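One point on numbering: in the numbering used here, the residue at position 52 of the sequence shown is 76, and numbering is uninterrupted. For glycine and all other residues, C-beta sits at the position ideal for the given N, C-alpha and C. As the structure is a computational prediction, the values presented were derived from the model and not from experiment. Report on one structure; see the data block that follows.
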Amino acid sequence: MQRYSFATIVTADNDLPVATHLPFLVEQRDDKVVLLSHFAKANPQASSLIGKPVLVIFTEPHAYISPANYEKTTDVPTWNYLAVHAYGKATLLTEGEQTANLLAKTINNYETDYLQNWNSLTADYRQKMMKGIVAFEIVIEDLQGKQKLSQNRSAIEKENIINTLGKSEDANEREIANYMAKLK
């Protein structure tokens with residue numbers, strides 16, 4: 025989750041699923057995992073957070089698996105992937121200091137060098153920027169790892185897939201090959 029921290033938050037609004045793609049910070053607090061992020065205030069999903077269950081989906085890496093790696097010509101292509109589904113309830117961070125801390129942590133996580141620039145902006149300007157977001161945290165109640173790494177394939181086919189993906193120019197494909205190799 026920390027490595028692939030750009031995730032999709034899913035809520036329901038009037039029985040309709042709603043999703044937004046956001047960067048998340050992952051914190052360990054005692055025995056709990058907590059996710060922190062923020063919406064643009066104009067995003068209507070922000071109002072559907074309170075008191076309702078939320079799902080945050082972290083994905084990557086993933087890779088197309090060609091049937092050229094299989095022993096039978098009747099096999100079809102598929103996709104290998106890793107994902108984490110995090111379930112919990114959101115709490116809004118309504119205090120100005122909470123929002124400021126979240127932004128400082130976010131900047132520090134993604135672009136440490138920018139923190140000095142952010143802090144050099146006038147307090148009025150930073151306050152104006154913070155008024156344009158809705159900061160929140162989610163205490164995770166259930167965490168589920170999802171993976172499809174050709175577990176159902178023969179040893180020869182798995183080796184073919186690992187070799188094919190391992191030679192790829194695509195970093196996702198090479199990473200899937202590495203995960204598959206660890207499962208052998």
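Short of 7 Å from the beta carbon of Gly190, and not among the five residues preceding or following it, lie these beta carbons of its own chain, in chain order: Arg198 and Ala201.
Under the 8 Å Cβ criterion, the region 86 to 95 does not count as touching the region 68 to 78, having fewer than three qualifying pairs. When the beta-carbon positions are compared, Ile164 and Val57 come within less than 7 Å of each other.
In this structure, the alpha-carbon of His62 lies about 8 Å from that of Glu161. With a cutoff of 7 Å on beta-carbon distance, Lys170 and Ala107 are scored as near each other. Annotation for Ala124: Arg150 and Met154 place their beta carbon closer than 8 Å to its own, counting only its chain and skipping 5 residues before and after. The DSSP assignment places complete alpha helix (DSSP H) segments of no fewer than 4 residues inside the region 89 to 156 at 120 to 134, 138 to 144 and 147 to 154, in order along the chain. Remark: C-beta atoms of Asn104 and Glu181 do not approach each other more closely than 7 Å. Collapsing the DSSP output to three states places Gly169 in a strand.
In the structure shown, Ala70 adopts helical secondary structure according to DSSP, grouped into three states.
Counted as a single uninterrupted DSSP element, the alpha helix (DSSP H) harbouring Lys206 occupies residues Ala195 to Leu207. For Asp39, the closest C-alpha among the options Asn67, Leu126 and Lys76 is that of Lys76. Around Asn184, the same chain offers Asn93 as residues with beta carbons nearer than 7 Å, after the five sequence neighbours per side are excluded.
Within the same chain, and ignoring the five residues on either side of Phe82 in sequence, the residues whose Cβ sits closer than 6 Å to its Cβ are Met25, Tyr28, Ala31 and Val108.
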